[in-house]
Amino acid sequence: MPAVYVSSIIDAPLETVWEVLRDFNALPRWHPLVAVSHIEDDLPADAIGCVRNFQLTDGGETIREQLLALSDVEHSCTYSILESPLPVSNYVATVRLRRITVTGQTFGEWQSRFDTPPGEEESTVALVKGIYEDGFASIATV
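Sequential numbering from 9 applies to the sequence shown in this note's numbering.
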């Protein structure tokens, strides 16, 4: 089972980053690969079990993800992929933020585990890692 781990120093205060990240429907605000998003069944974007349905900027690909956990105390969010063009199954990811007390910046961690077809592990891990890195690079600009 492949795993991906990316960490980053985000040049913004924890509260600012968490306000954006905790909104499970806010991907278009901060991730450069996401064009539009909506939460299915008119549920709140912080309701455990809600499903975000979003389209990528490349035009046609749609992804559905389900919110599994959200903690304002731990500044973390866990979700799973329900449908995706990525060659993954059993995908579960967690994004966690921590305050860097000396500088006022935010330390972000994004990690996941998933299954992928034999022979596609290396390319899928590289793709997912790039998605996480792009997200962390962009979130500080919101």
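In this text, a Cβ means the ideal position worked out from N, Cα and C, and glycines have one as well.
- Query: Between Ser97 and Asp31, what straight-line distance do the alpha-carbon atoms span, to the nearest angstrom?
  - Reply: Taking the sequence shown and counting its residues from 1, the one referred to as residue 97 is at position 89. Taking the sequence shown and counting its residues from 1, the one referred to as residue 31 is at position 23. C-alpha separation (whole angstroms): 24 Å.
- Thinking C-alpha only, which one of Trp26, Gly68 and Thr102 is nearest Val42? For the purposes of this step, residue 42 is taken as residue 34 along the sequence shown, with counting starting at 1. Minimum Cα distance to Val42 is reached at Gly68.
- What's the C-alpha gap between Ile108 and Ile18? Residue 108 sits at position 100 when you count from the first residue of the sequence shown. Residue 18 sits at position 10 when you count from the first residue of the sequence shown. Whole-angstrom Cα-Cα distance: 10 Å.
- To the nearest angstrom, how far is it from the Cα of Val150 to the Cα of Pro10? As a first step, residue 150 must be located in the sequence shown, where it is residue number 142. As a first step, residue 10 must be located in the sequence shown, where it is residue number 2. Each residue's alpha carbon lies about 31 Å from the other.
- Query: Quick one: Cα of Ser45 to Cα of Ser88, how far?
  - Reply: Numbered from its first residue, the sequence shown carries residue 45 at position 37. Numbered from its first residue, the sequence shown carries residue 88 at position 80. Ser45 and Ser88 have their C-alpha atoms roughly 16 Å apart.
- By Cβ distance, which residues of its chain are closer than 7 Å to Val136, with the 5 residues on each side in sequence left out? On the sequence shown, residue 136 is found 128 positions in, with the first residue counted as 1. Once the five neighbours on either side are set aside, the close Cβ partners of Val136 are Val12 and Ser120.
- Under 8 Å, do Val103 and Leu29 count as touching if we go by C-beta distance? Mapped onto the sequence shown, residue 103 falls at position 95. Mapped onto the sequence shown, residue 29 falls at position 21. Annotated as proximal: Val103 and Leu29, with beta-carbon spacing under 8 Å.
- Message: Taking only three categories from DSSP, how would you classify Thr149?
- Response: Walking along the sequence shown from the start, residue 149 turns up at place 141. Here Thr149 sits in coil by DSSP.
- Top-ranked residue by Cα proximity to Glu91, from Ser15, Ile71 and Glu117: Here residue 91 refers to the residue found at position 83 of the sequence shown. Nearest to Glu91 by C-alpha distance, out of Ser15, Ile71 and Glu117, is Ile71.
- Bounding residues of the beta strand (DSSP E) (the contiguous stretch that carries Val14): The residue labelled residue 14 in the question sits at position 6 within the sequence shown. Residues Ala11 to Ile18.
- Query: For Tyr87, which beta-bridge partners are listed by DSSP?
  - Reply: For the purposes of this step, residue 87 is taken as the residue at position 79 of the sequence shown. Residue pairing by DSSP puts Tyr87 in a beta bridge opposite Leu75 and Ala101.
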